[in-house]
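Some notes on the structure that comes next.
Protein chains in written order, with our numbering: chain A, 1 to 428; chain B, 429 to 676.
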C-alpha cells in the first residue's frame, strides 16, 4: 500500500509541476465550455426569443397582400422592414446585406386578384354543392393560379431555421387564403360584409399546442445550451487528458527511470495503477470545476444556470466511469506510442474525432445515418448518453446502466489491450 | 571457491532473431566482496551484460545467479542488488528527497527507513543543500550523485554501476569513487563498467576485459599487468583490444 501511495504522490507532484499540462487539463475546457455555451445560447436566443429581421417587398399592394403581411407580423418571429415595391430582385438582395436582414419576402404582382378569384371559385363550388348557387361557378381552368411568394435567404441560415421560416410563411399564406374564402362565402350567402368580430372569432379559434419536455422522473425541466454543453465539454476535457497521460507513460517508458523500475522488486503494473488512480482523480476534479462553473459563474454571465440531476450518486458513478474510460484510453495510447510526438499527435486528433462522431459537438440525433454505427464505437458517445439521461431526463442508476455497460466493456477492452502491449514489449 | 556474488553459466543472448549474437555460451564468476571492473571498447557488450545481470533484459538461455538466486525466476533477488544505470534514471521533475522516497519505497523500505537513509545519503554525497530542489536544475555531477544515491538507498549487497562518473568533474569523480570504496568496505560487491581506465585502476580489485561478447582476460589487476608486461591498465587495454576504431 505504501508503494502505491508513493507512486500516486510521485504522479501528483509531476503533474502539479507541469503548468502547461494543468492548463490543458483545466483552463482549456473551462474556456471551451464558456465560449461554446455562450455561442449556442445566443443562437438559441436568436431563434427562440428574438425577432429575425425580414425585408418585405409588396409588389401587389392589394388587400390580400396587406392581410398576408399582417398575418406574418402577427406570427411574432420577424421584424418586418418594408422594401420599395419597385426594386428589382437584385436590389432587394443588396438591401438584405445593407440592412443585415437574413430573409426577404416578395409578394408578387397579382397576388390579391388571384387569391380573390380563387376564393370566389371555391365559394361558388361550395354554394353549388349546397344548392344555393346564384351564379354558375367559374370553370376551374379560368381561375388564376396564385403566383408564388418568393423567399430570399442568406446562405448562412441553418436549414432547420429556414424550414421553420418557410412553415411560418405557409401558415400566413393559409391564414390569408382562409380569410378570403370566408369573406367571399359570407358575402355570397348574406350579401353583407363579414363582421370583424365574427371573422376574428372564426379565424383565431385555434386549439393550442402545449410543448412538454419528457423526463424519466416525470418532472418537466426545459433543456437549454448549458444542460447539453457543460456535460458535453466536461467529457471532452476528461478525454483530452489522454494527451498528458499518454506522454507521461511514454516519457517514463523511454527515460532511464523505467530501466530502474524494472530492476526493483515491484511490478510496473502498480505504477500504471497509480497513474490511473491519479488521473481519475483529475477527471473528477475537472467535473467539479466545470460543473461549479455552470452552477455559480454562468448566471453571472447571462447564461442559463446548470441544474444538477437530483440523483447525485448516479452523477458520481457516471463521472467515475467516464473518467476511468478516458484514463484507460490514455494508458492504451501511452503503451503503444513509441515517442511523445506520436502520443500527443494521435491522442489529440483521435479525441477530437471521437468527440465529433460521439455527439459532443453535434447532438447524436442530428448525425447522419451513415455515422450512427461509427458513433457507437466512440466511448464519448456512451458517456454523453449517460450524462444526457441524468441531465436532460433526470434518470436514475437503472436508466444510465444501458450506457454504463458499453463504457465498462470499452474500459475492459482497453485495459486488456494495454496489458497485452506491455507484455509484448516485455515491460511487465 | 569463494562464495559467488554473480555466477553466469552458458549465457546466450541476442536482441532479435535476425540480429547478431551478443553472448554465446558466456560464463563469468564474480566473488562476493569484490570491486569488479567490466572493461571493454564500445559495443563490447558491457551494458548489455549489466542489463542481463539486473533483469532489465532476458537471456535466451543460460543461468544468471545473484548470491545463489536465479535472476529470471526469483523475484526476491531484486531486493539484493542496486543499480546506477549509465543514463540518469530518476524523475527530473522531483527533488532528490522525493526521488529517494519513491524509489526507496519501491525497493521495499518503509517510511522511517527511507527518511533515515535519505538524510544519510544526501549528507554523504553532498546534496543536503539541494535536497528539496527539482533535479532538472542540477549539474551533471549532482545528477550522477542522485543516480548513485537511489541505487544504494536500500543498502544492496551487490551494486551495479554503469559508467557512474561519465561527464562529471574531478572533484565529483573522486567523491563518488571514495564513497564506492566505503560501500565496498561495508560489504557491498561492486560491479563496475567505465571507459575511464585510471578510475578503474584506482577502484577495482579485479577486472575482466570483454570484447565482442567474450572475456579476453580476467584476473586481479596486478596479475594481469604482470602477465601482459604492462605498467598500466590503458596499455593492457590497447594491447588486448587493439587500436582500431570500435564504432557500434
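Where is the CB? At the ideal position from N, CA and C, for every residue including glycine.
This structure is a prediction, so every number in the text was calculated from the model and none was measured.
Rounded to the nearest whole angstrom, the CA to CA distance from residue 324 of chain A to residue 634 of chain B is 53 Å.
Going by beta carbons, residue 481 of chain B and residue 492 of chain B fall inside the 7 Å limit. Residue 602 of chain B: member of the alpha helix (DSSP H) spanning 598 to 613, first to last residue. Burial is judged here by how many other beta carbons sit within 10 angstroms of a residue's own beta carbon; residue 119 of chain A has at least 16 and is buried. DSSP places residue 489 of chain B in the uninterrupted beta strand (DSSP E) bounded by 489 to 494. Taking the Cα of residue 600 of chain B as reference, the smallest distance to any Cα among B:615, B:574 and B:441 is reached at B:574. In terms of Cβ geometry, residue 413 of chain A and residue 332 of chain A do not form a close pair [threshold 7 Å].
If you check the CB distance, residue 629 of chain B and residue 661 of chain B come in under 7 Å. Residues of chain A with a Cβ closer than 7 Å to the Cβ of residue 617 of chain B do not exist; the shortest Cβ-Cβ separation is about 16 Å.
Shown in chain order are the members of the stretch 236 to 265 of chain A whose Cβ falls below 9 Å from a Cβ of chain B: 252, 255, 256, 257, 258, 259, 260, 261, 262, 263, 264 and 265. DSSP places residue 510 of chain B in the uninterrupted beta strand (DSSP E) bounded by 509 to 512. The residue from A:234, A:89, A:415 and A:300 with its alpha-carbon nearest to that of residue 31 of chain A is A:234. Rounded to the nearest angstrom, the Cβ distance from residue 71 of chain A to residue 172 of chain A is 4 Å, consistent with a contact under 8 Å. Residue 453 of chain B does not reach chain A, its nearest Cβ partner there being about 23 Å away, counting only Cβ pairs nearer than 9 Å. The DSSP-derived three-state label of residue 632 of chain B is coil.
Contact of residue 482 of chain B with chain A is assigned, a C-beta pair being separated by under 7 Å. The criterion of a C-beta distance shorter than 7 Å is satisfied by residue 357 of chain A and residue 378 of chain A.
DSSP links residue 402 of chain A through a beta bridge to no other residue. Counting C-beta pairs closer than 8 Å gives fewer than three between the stretch 386 to 406 of chain A and the stretch 236 to 252 of chain A, which falls short of the contact rule.
Between residue 87 of chain A and residue 153 of chain A, the C-beta spacing is not below 7 Å. Distance from the CA atom of residue 609 of chain B to the CA atom of residue 659 of chain B, rounded to whole angstroms, is 23 Å. Listed along chain B, the residues sitting closer than 8 Å to residue 2 of chain A by beta-carbon distance are 533, 538 and 539. Among the CB atoms of chain B, one or more fall inside 7 Å of the CB of residue 14 of chain A. In the DSSP secondary-structure assignment, residue 183 of chain A is not bridged to any residue. For residue 415 of chain A, the three-state secondary structure derived from DSSP is helix. A direct Cα-to-Cα measurement between residue 76 of chain A and residue 27 of chain A gives close to 41 Å. Beta bridge pairing from DSSP links residue 368 of chain A with no other residue. With fewer than 16 other beta carbons inside 10 angstroms of its own, residue 254 of chain A counts as exposed. At a Cβ-Cβ threshold of 7 Å, residue 283 of chain A and residue 326 of chain A count as neighbours.
Rounded to the nearest whole angstrom, the C-alpha separation of residue 160 of chain A and residue 384 of chain A is 23 Å. With fewer than 16 neighbouring CB atoms inside 10 Å of its own CB, residue 426 of chain A falls in the exposed class. Taken atom to atom, the span from the alpha-carbon of residue 497 of chain B to that of residue 432 of chain B is near 11 Å. Residue 612 of chain B has its alpha-carbon roughly 24 Å from the corresponding atom of residue 518 of chain B.
Within the stretch 38 to 86 of chain A, complete beta strand (DSSP E) segments of at least 3 residues are found at 52 to 58 and 78 to 83, given in chain order. In the three-state DSSP reduction, residue 457 of chain B falls in the strand class (E or B).
In this structure, the beta-carbon distance from residue 250 of chain A to residue 330 of chain A does not fall below 7 Å.
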